[in-house]
Structure formats: structure tokens, C-alpha cells
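Worksheet: one structure, shown below.
Residue numbers (the working numbering): 1 to 69.
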């Protein structure tokens, strides 16, 4: 997992056609905007029914940092 720090109005580019922007930071929450092609499905994790650890392909050893990002 890549972890970055962003401020309001700062963005992260994913590939050529996905941009994630921090819109607002509140107490205990962050509002983000996602610009992506309409053919991509973007869902909150809790709506997919897939556990977070399984989706991320987490290693059983939490100290394993050898995955390429």
C-alpha cells in the first residue's frame, strides 16, 4: 500500500486517466473527489462485500514490505 500525505486541493494521479483530489478535511473524515473514465466502477470498500485485507493482497507477515509499488 502506498501512503501519501495531501492537503486540501492537492491530488494524486493514478495512471493516465484517474485523479484523486482531497476536497475537504473534517473532524474524523476526509472528502475526496475522483475523476475517472465512466466505464470504471468506483465503489466504497464496504459496498463490495470484500474484506479489506483480502482485497489488498496483504501478506501474513505484517513486516513484509517487499512488494513493489
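Glycine residues also receive a C-beta, built at the ideal position from the N, C-alpha and C atoms. Note that the structure is a prediction, hence the values are computed from the model and not measured.
Requested in this report: Determine the burial state of residue 9: buried for a count of at least 16 other Cβ atoms within 10 Å of its Cβ, exposed for fewer.
Outcome: exposed
Query - residue 11 - DSSP class collapsed to helix/strand/coil - result: Taken through DSSP and simplified to helix, strand or coil, residue 11 comes out as strand.
**Report entry** Ordered list of alpha helix (DSSP H) runs contained in the stretch 13 to 49, each at least 4 residues
**Finding:** 45 to 48
**Report entry** Length of the line joining the Cα atoms of residue 49 and residue 30
**Finding:** If I take the Cα positions, the gap works out to 22 angstroms.
Query raised in the report: In angstroms, rounded to a whole number, what distance separates the CA positions of residue 14 and residue 26?
Result: 24 angstroms
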